[in-house]
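Enquirer:
Residue numbers (our numbering): -3 to 491.
(1) If you count every other CB in all the chains shown that lies within 10 Å of the CB of residue 177, and 16 or more means buried, which is it?
(2) Could you compute how far the alpha carbon of residue 208 sits from the alpha carbon of residue 216?
(3) Just the C-alpha distance for residue 488 and residue 141, rounded to the nearest angstrom, thanks.
(4) Is it right to say residue 270 is buried, meaning 16 or more other beta carbons lie within 10 angstroms of its own, or is it exposed?
(5) Which residue spans inside the region 51 to 137 form an unbroken beta strand (DSSP E) run of at least 3?
(6) In terms of residues, what are the limits of the alpha helix (DSSP H) holding residue 199?
(7) According to the Cβ coordinates, are residue 491 and residue 448 closer than 9 Å?
(8) Can you tell which of 99, 138 and 102 has its C-alpha closest to the C-alpha of residue 113?
(9) If we require 4 or more residues per run, which alpha helix (DSSP H) segments fall completely within the region 179 to 260?
(10) Could you check which residue in 214, 443 and 121 has the C-alpha nearest to that of residue 167?
(11) Quickly, what does DSSP pair residue 350 with across the bridge? List them, please.
(12) For a test of the three-state rule: what should DSSP assign to residue 407, helix, strand or coil?
(13) Could you give the uninterrupted runs of the beta strand (DSSP E) lying entirely in the region 254 to 303, keeping only those of 3 residues or more?
(14) Nearest by alpha-carbon distance to residue 345: which of 333, 334, 335 and 358 is it?
(15) What would DSSP say about residue 139, mapped onto helix, strand or coil?
(16) Per DSSP, residue 434 forms a beta bridge with which residues?
(17) Mark residue 291 as exposed unless 16 or more other C-beta atoms lie within 10 angstroms of its C-beta, in which case mark it buried.
(18) What span of residues does the alpha helix (DSSP H) with residue 25 cover, start to end?
(19) What does the alpha-carbon distance come out to for the pair residue 416 and residue 395?
(20) Please state the DSSP three-state secondary structure of residue 446.
(21) Which stretch, first to last residue, makes up the beta strand (DSSP E) that contains residue 397?
(22) Between the region 336 to 352 and the region 373 to 384, can you find at least three pairs of beta-carbon atoms closer than 8 Å?
(23) Using CA coordinates, which residue listed in 180, 444 and 24 is at the minimum distance from residue 235?
(24) Starting from residue 367 and walking both ways along the beta strand (DSSP E), at which residues does that stretch end?
(25) Give me whichever residues DSSP pairs with residue 47 in a beta bridge.
(26) Once DSSP output is grouped into helix, strand and coil, what is the label at residue 329?
(27) Name, in chain order, the residues that DSSP records as bridge partners for residue 487.
(28) Residue 391 and residue 362: beta carbons closer than 9 Å?
(29) For the region 187 to 197 against the region 256 to 276, are there 3 or more C-beta pairs whose distance is under 8 Å?
(30) Check the C-beta distance from residue 81 over to residue 13 and give it rounded, since I have them as a contact under 8 Å.
(31) Thinking C-beta only, is residue 431 closer than 9 Å to residue 276?
(32) Any contact between the region 289 to 304 and the region 363 to 375? By contact I mean 3 or more CB pairs, one from each, below 8 Å.
(33) Bridge partners of residue 458, per DSSP?
(34) Within 10 Å of its beta-carbon, does residue 476 have 16 or more other beta-carbons around it, so buried, or fewer, so exposed?
(35) What does the alpha-carbon distance come out to for the pair residue 295 and residue 62?
(36) Pick from 240, 27, 150 and 242: whose alpha carbon is nearest that of residue 117?
In structure tokens, the structure reads:
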């Protein structure tokens, strides 16, 4: 039966207890993470949001009633313990912040009992997501989830402090607004007072913050909640939170400067990672040509090579046909993968088809320098050697080619290089490679609407030197738009 905590006051979170407290009496509360019964002694790992603390139940100290209660403890029971901080009697646990101490329990209260959880409350579980969501309150107890949420809170607090010092005002903008054309569909909320009319939840505070600039507020920021009715992806969900800001009387360099200093501050304070400033910049065109992506991962090379000029007169119709239709032929060099089994190459072909490719052409360079290729019979020896040279191929390498419209070739090879990098172990999670991608196209052609539409949103300023092309050649107009990319993921952007 659950007991009351009346009369008890928690003195410490679990990991707030340290060697400096040895000899002191403390009161701790939390969840039973693990219980070990050694007969005359019972050990319990007590967990709260700060971490783990070991509790020792010795009948000579806690008494028979307390020891009998400790015997009934199971995982996820909520307990309160009063006891003395002592040096661990056994081996020190180097994996715990509190690994050199324990609490010798003097009293125990069971505040809440628990049934056996449907999955372990620990890191790196393989439980299906629908089960985790069904028991969300249990899932949120897991240390890795709690660590993420605590870090998120710390980032928000530090962001507010940093931007306040930079002269930003935190201003809340309306959540119930009118529908405006942005990048996705709106969520609509019916009005009770005005039947048949609806509010829209904001996709972003875009219009409101521009109104604030017009009203003289100079620098605005908000930890803003946004809503977008779009298909779910790994980096897309219906509602999300963004660090939102706007500045008056500045240029692009000013905006990039304050944002990259904010990022450097956050990474140092939260992860103790030094971010080298200024962050590298690359135009959208260069990013697409070199990496096939407007959010390239710079932790590894494997850059795209444009071999269109080399193969434009060859006998391989897949290449020449793509070129004649205004497309290109490009390739990547998977260094050291020349002995990849045909089954794995076929899997890469299927992967590429998922990004719009009709297929993949390849050249495997054997250790003796001989070539095995899916299209060598259509090309002369000189053409093959020129192609290998252009791709900087060496014995043991695997060269992969895509031929089609530029957009498809970029999509295919951009995704393929990341897939191969994962297979080759090139994605170092401890390496943080930032990049500003700048000068995005102002417009992109919509096959669905059969017209040019804004790539970002309609409120993006064109590059000064492209203003005269707005009517005559909108597809070539570049925007003063920029994204910040980290390890192949877009983590922010603006214009």
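In this text, a Cβ means the ideal position worked out from N, Cα and C, and glycines have one as well.
In this text, all values refer to a predicted model and were calculated from it rather than measured experimentally.
Expert: Checking against the coordinates, here is how it stands:
(1) Label assigned to residue 177: exposed.
(2) The alpha-carbon atoms of residue 208 and residue 216 are separated by roughly 8 Å.
(3) Straight-line Cα distance between these residues: approximately 23 Å.
(4) Of the other Cβ atoms in all chains shown, fewer than 16 fall within 10 Å of the Cβ of residue 270; this residue is therefore exposed.
(5) With a minimum length of 3 residues, the continuous beta strand (DSSP E) runs that stay inside the region 51 to 137 are 74 to 83 and 97 to 108.
(6) DSSP places residue 199 outside any alpha helix (DSSP H), giving it a letter other than H or E.
(7) In this structure, residue 448 does not lie closer than 9 Å to residue 491 by Cβ.
(8) Closest option to residue 113, judged by alpha-carbon separation, among 99, 138 and 102: 138.
(9) The qualifying runs are 202 to 210.
(10) Cα-wise, what sits closest to residue 167 is 214.
(11) Per DSSP, residue 350 has no beta-bridge partner at all.
(12) The three-state reading of DSSP puts residue 407 in helix, counting H, G and I together.
(13) Under the rule that a run must span 3 or more residues, the beta strand (DSSP E) segments found entirely inside the region 254 to 303 read 277 to 279.
(14) Looking at 333, 334, 335 and 358, the one whose alpha-carbon comes closest to that of residue 345 is 358.
(15) In this structure, residue 139 counts as helix in the three-state DSSP scheme.
(16) Paired residues: 279 and 478.
(17) Taking a 10 Å sphere around the C-beta of residue 291, we find 16 or more other C-beta atoms and assign the residue as buried.
(18) Not the alpha helix (DSSP H): residue 25 falls in the beta strand (DSSP E), residues 21 to 33.
(19) Going by C-alpha positions, residue 416 is about 12 Å away from residue 395.
(20) Three-state result, residue 446: coil.
(21) Where residue 397 is concerned, the enclosing beta strand (DSSP E) stretches over 394 to 400.
(22) Segments in contact, no.
(23) In terms of CA proximity to residue 235, 180 leads the group 180, 444 and 24.
(24) Where residue 367 is concerned, the enclosing beta strand (DSSP E) stretches over 367 to 369.
(25) DSSP output for residue 47 lists 44 as bridge partner(s).
(26) Residue 329: strand per DSSP, three-state reduction.
(27) Answer is none; residue 487 lacks a bridge partner.
(28) Taking C-beta atoms as the reference points, residue 391 and residue 362 count as a pair closer than 9 Å.
(29) The region 187 to 197 makes no contact with the region 256 to 276; the number of CB pairs closer than 8 Å stays below 3.
(30) Indeed they touch by this definition, with Cβ atoms about 6 Å apart.
(31) Closer than 9 Å, so yes.
(32) Cβ pair count under 8 Å is below three, so no.
(33) DSSP lists 475 as partners of residue 458.
(34) Residue 476 should be labelled buried.
(35) Answer to the nearest angstrom: the Cα atoms are 56 Å apart.
(36) For residue 117, the nearest C-alpha among the options comes from 27.
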